[in-house]
Amino acid sequence: MAKNIIFLNMSDDLGVDGHKAVTALKLKHPNSKYLRKSRVTEIDIVSFYRAFINGPQDAAFNRQRNDLKNKCKGATEVMLSIHGPMTSTDYGLIRATNPVNPDERVTVRQLAELLLMLFIPKVNYNFTLVMCFGARSSQYRLDHQNLDLIDWTDSFAYKLFDSISPRRQVRLTARTGELSFNTVTGKSEVQTELAIQGTLDNQRIGQEAAVINSLAWWGQNLGRMMRIAGPKQNFIISLETAKNNPSPATVLTQLRALNTNPGLSILDPDRQALVEYLGHTIRLTEASSRQSDPVQGKYGKLVYSNVPPLGNIVIAKYPNPMMVHPKYNGHVSVIPNDFLQKLAK
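So the sequence shown is numbered by our numbering: it starts at 160 and just counts up by one.
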């Protein structure tokens, strides 16, 4: 059966950020040769959302509302894109296209009320939340591949699902990491936990007072130190040569080798500061190396569904479907594997 995907774009004022996802989706789900209508329909709904929240809800608003309701009702999949911060599970963001303006926050409640208006009772909706970190918990620093560590009920995605289920029949999916779309393959890709930890480490290290002071010292004194030939100049040349190597692995190898044998005179008054700068550079480079871990396709996907009598359940789809909520006495409920596979599809 041909897919009919409705893509609701709430990424930014101009709908720019969501277009890449739509381009990828059209590659993944190309037009049928028997149907002239595209299987992927993009609808920018930022203005509609603002009218829904703030007014005016005039005749034009009512016509668009009815049109959206009909389109969502007839879709095999409804997707909604909105930006997601890693550090909050309470709101998403409409990105401001004018840098002078702040990003606009959309709370769980506001988005839930919008969906409750667009989704009608007794219709099954397959809904994808296209939101970076949408399935990530408030304990965002934890490794979310370690499924037992995570409270899966405090993510933005779960809160949203809990707000609309069971009043609407919805199956919702979301991802734990930064989400992107490959415009060559047409598939979605997700940032790995290793890359997320690298990002967090880079931020933490970069905020340390010792690191800030060391980087400032380097910038202020580099010219002075390079004027005199000798061990210090050789050290600086070796360090800069290593930093500029195109291979991240080689950068680390060369920096670590220089750290083992800096070749600086013990009488050099800059020796301690140079060695400290090298140490900070190695730490930042190690974090950046983790941050560059390649994105993956089948990764970090959570599926939310309402299954009586259990109520809301959460399934981690990859590498093999596993129900991670609800838990009783530290153990998840057992449901038949074939049913689990069907829910996770």
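Think of the CB as a built atom: it goes at the ideal place given N, C-alpha and C, for glycine as much as any other residue.
DSSP state of residue i mapped onto helix, strand, coil
i    : result
Y299 : coil
E236 : strand
L374 : helix
R264 : strand
S406 : coil
S451 : coil
D497 : helix
L252 : strand
K391 : helix
Q328 : strand
R386 : coil
I309 : coil
N229 : helix
R198 : coil
E367 : coil
A210 : helix
Counted within 10 angstroms of its Cβ, other Cβ atoms place residue i as buried (16 or more) or exposed
i    : result
D307 : exposed
N393 : exposed
K391 : buried
R298 : One detail in the question is off: residue 298 reads as Gln in this sequence, not Arg. By the neighbour-count rule (16 or more Cβ atoms within 10 Å), Q298 is not buried but exposed.
F498 : exposed
P407 : exposed
R383 : exposed
Q147 : Beyond the ends of the chain as shown, which are 160 and 504, falls residue 147; an answer cannot be given.
K457 : exposed
T419 : exposed
Q350 : buried
E367 : exposed
N479 : exposed
A503 : buried
M276 : exposed
N213 : exposed
T248 : buried
S424 : exposed
V259 : exposed
Whole-angstrom distance between residue j and residue i, CA atom to CA atom
i    : j    : result
K318 : V267 : 7 angstroms
T332 : V410 : 39 angstroms
P421 : S240 : 50 angstroms
L417 : D360 : 23 angstroms
Q500 : A316 : 21 angstroms
L440 : S448 : This sequence places Thr at residue 440; Leu is not what is there. Looking at the two C-alpha atoms, the distance is approximately 12 angstroms.
P485 : R334 : 19 angstroms
D203 : R224 : 13 angstroms
V205 : D171 : 7 angstroms
L353 : W376 : 31 angstroms
L338 : D313 : 19 angstroms
K460 : L437 : 39 angstroms
G293 : G251 : 9 angstroms
P405 : L374 : 22 angstroms
R386 : T412 : 27 angstroms
P495 : G336 : 29 angstroms
K520 : A475 : Because the chain is modelled from 160 through 504, residue 520 falls outside the range shown and cannot be assessed.
K230 : M482 : 31 angstroms
T157 : V181 : As displayed, the chain neither begins before 160 nor continues past 504, which places residue 157 out of reach and without an answer.
K187 : V434 : 51 angstroms
D429 : Q362 : 27 angstroms
A218 : L274 : 20 angstroms
I309 : N471 : 16 angstroms
N163 : N341 : 20 angstroms
N380 : I395 : 11 angstroms
Own chain, CB closer than 8 angstroms to residue i, minus 5 neighbours either side, in chain order
i    : result
F220 : F207, A210, F211
P261 : A255
I371 : G365
S451 : A354, G357, P407
L414 : L398, A401, K402, L437, T440, I441, T444
Y477 : K457, Y458, G459, K460
Q455 : E348, V349, T351
Contacting residues, own chain, Cβ-Cβ under 6 angstroms from residue i (five flanking each side not counted)
i    : result
T200 : I165
S397 : L417
M238 : F166, T287, V289
G243 : G251, M290, C291, F292, G293
A271 : L319, S322, I323
Other residues of its chain near residue i: CB distance less than 7 angstroms, five sequence neighbours each side excluded
i    : result
K232 : I279, V282
N403 : none
Q216 : A210
R264 : Y250, L252
Quiz item: Just checking, does the stretch 301-320 make contact with the stretch 253-261 on the three C-beta pairs under 8 angstroms criterion?
Solution: no
Self-check item: Cβ pair count under 8 angstroms reaching 3, the stretch 317-332 against the stretch 451-467
Solution: The answer is yes - the stretch 451-467 touches the stretch 317-332, with three or more Cβ pairs under 8 angstroms.
Practice problem: Assess, as a yes-or-no matter, whether the stretch 438-448 is touched by the stretch 335-347 under the definition of 3 or more beta carbon pairs within less than 8 angstroms. | Solution: no
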